[in-house]
Amino acid sequence: MAVLRHTVSLAPVPLPWLADALAVLLDLAEGTRAEAGRVLLPDGRTVPDVRLAEGRHLRPGAVYESTGDARETVRVGVEEWHRRRALRLALAVSASDAEVEGRGVLRRPDRPRLVEIDGRARVAGVWSALSRVSGSARLRCDDWWAAAESGHRGRTAPLRARVECGAGRAELRAVPAPGGLDGHWRVTVTVRIRGRRLYRPVAAIALTLVRGRLQRSFATTLNDLATHWNTEIPRVLALPPESLHRELLPTDPTPP
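So, in C-alpha cells, the structure goes:
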C-alpha cells in the first residue's frame, strides 16, 4: 500500500454564500420552461445543445439529452427535485470507447447538508483489469465547515471518496482546518492506494518503487488545483447575486 499526503491552502467559501448561490442556480433552472423539447429561458431564448427527451420539465422522470456532439450521447435524468428535501440526478454517457453511469444527490439544497455521488464506467481498448471502474464520494457539509472554521474535527473525514478497478483501489480523505491570519483553509488530503485480489503482491512492489514519483505528482496536482481555486473563488465570491445569475447563463443562448 502507498500513502500519499499533502496540505494546501484554499480561499474559504462561506456556507451562507454557498446556500445563496445554490438558490440563484435553482431559481434560474426553475425559471426555464420546455416547449416541443426545447428548454427556454424566461426571456424566450433557447438553451443550446439541450433538449427534453422524456417526461415533464424538472419533474421526476424527466430526461434531458445533449445535442452538441454526435459522437456521444449524454442523458441527465431527474429522480427528485425538491428544494427543501433533496435534488437527485442521474447521468448516462455513451461513446464509442466508453460508457459512464452515475448518480448524485444533494440533501437540503436550501441549506446544504450532504452531497453523495457514485458511478461506474466501462472503457474499451485498455487492459481488462482497468476496463471497469467504479467510485463514490461523500461530503458532509456541516462537518466540513465546522472543521474549517473552528478546527472541530469529527470522527471521520468530512470529504471521503474511493475509486476501484480490478487491479486496485484508491481511497481519499480530505480534512480542512483554520489557516491562520489570512483566513484560508488548510486542507490536508490523504490518498491510500493498494492492489486488489491477485494483483495485490505485484501492486505492492510497484507502489514501493514509484511512491516518490507518485507523491511528487500528487503534490504538484494539488498545488495547481489550489492555485486555480485561489484565483477563481475570490472573484466569484465578490460577485453580487445578479452578476452570479449572469455567470450561470449560457454564453450564447439561441434567440427565440
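Here the sequence shown stands for residues 8 to 263, numbered as in this note's numbering. Using N, Cα and C, we set each Cβ at its ideal position, and we do this for glycine too.
Roughly how many angstroms separate the alpha carbons of residue i and residue j, rounded to a whole number?
i: L94; j: D231; result: 31 Å
i: V196; j: W88; result: 32 Å
i: I200; j: A43; result: 49 Å
i: G111; j: G38; result: 22 Å
i: L11; j: P55; result: 42 Å
i: P183; j: H235; result: 18 Å
i: V46; j: L179; result: 38 Å
i: L255; j: P165; result: 28 Å
i: A60; j: L33; result: 21 Å
i: L113; j: E123; result: 7 Å
i: S73; j: G126; result: 19 Å
i: T215; j: L137; result: 20 Å
i: T80; j: L98; result: 11 Å
i: A233; j: V198; result: 17 Å
i: H118; j: A26; result: One point to set straight first is that residue 118 is Arg, not His, in the sequence displayed. Approximately 6 Å, taken between the alpha carbons.
i: R139; j: L121; result: 27 Å
i: V85; j: G62; result: 9 Å
i: P208; j: G202; result: 7 Å
What residues match up with residue i in a beta bridge as DSSP calls it?
i: Y206; result: Y206 pairs with nothing; no bridge assigned.
i: D125; result: R110, S143
i: E72; result: R58, R82
i: S16; result: R193
Going by DSSP in three states, residue i sits in which element: helix, strand or coil?
i: A58; result: According to the sequence displayed, residue 58 carries Arg and not Ala. R58: strand per DSSP, three-state reduction.
i: R91; result: coil
i: A135; result: For the record, residue 135 in the displayed sequence is Ser; it is not Ala. In this structure, S135 counts as helix in the three-state DSSP scheme.
i: V100; result: strand
i: D27; result: helix
i: L255; result: helix
i: P21; result: coil
i: P185; result: strand
i: T234; result: helix
i: T80; result: strand
i: R193; result: strand
i: G51; result: coil
i: L213; result: One point to set straight first is that residue 213 is Ala, not Leu, in the sequence displayed. Helix at A213.
i: G175; result: strand
Between the options, which lies nearest to residue i when the distance is taken from Cα to Cα?
i: R90; options: E72, R115, V83; result: R115
i: W151; options: V46, R162, R218, L246; result: R162
i: V20; options: H252, G62, L255, L244; result: L244
i: S250; options: A28, M8, R193, S16; result: A28
i: H252; options: P183, A36, R120; result: A36
i: G158; options: E171, V209, R193; result: R193
i: A155; options: R176, H13, A18; result: A18
i: R290; options: A144, W24, R58; result: No statement about residue 290 is possible, as the shown extent of the chain runs from 8 to 263 and does not include it.
i: A210; options: L229, G190, A177; result: A177
i: H64; options: V83, P23, R118; result: V83
i: S16; options: T238, T74, V70; result: T238
i: V3; options: E86, R92, V70; result: No answer is possible for residue 3: it lies beyond the span of the chain, which begins at 8 and ends at 263.
i: S141; options: R118, S135, E171; result: E171
i: Y206; options: W24, G175, L229, L246; result: G175
i: S143; options: R120, R167, D149, L121; result: R167
i: P185; options: A153, A213, R169; result: A153
Item to check | Touching by the beta-carbon criterion (3+ pairs, under 8 Å), the segment 47–66 and the segment 223–237 | outcome: no
Checklist entry - Should the segment 130–143 be called in touch with the segment 99–110, which here means at least 3 C-beta pairs below 8 Å? => result The segment 130–143 is in contact with the segment 99–110.
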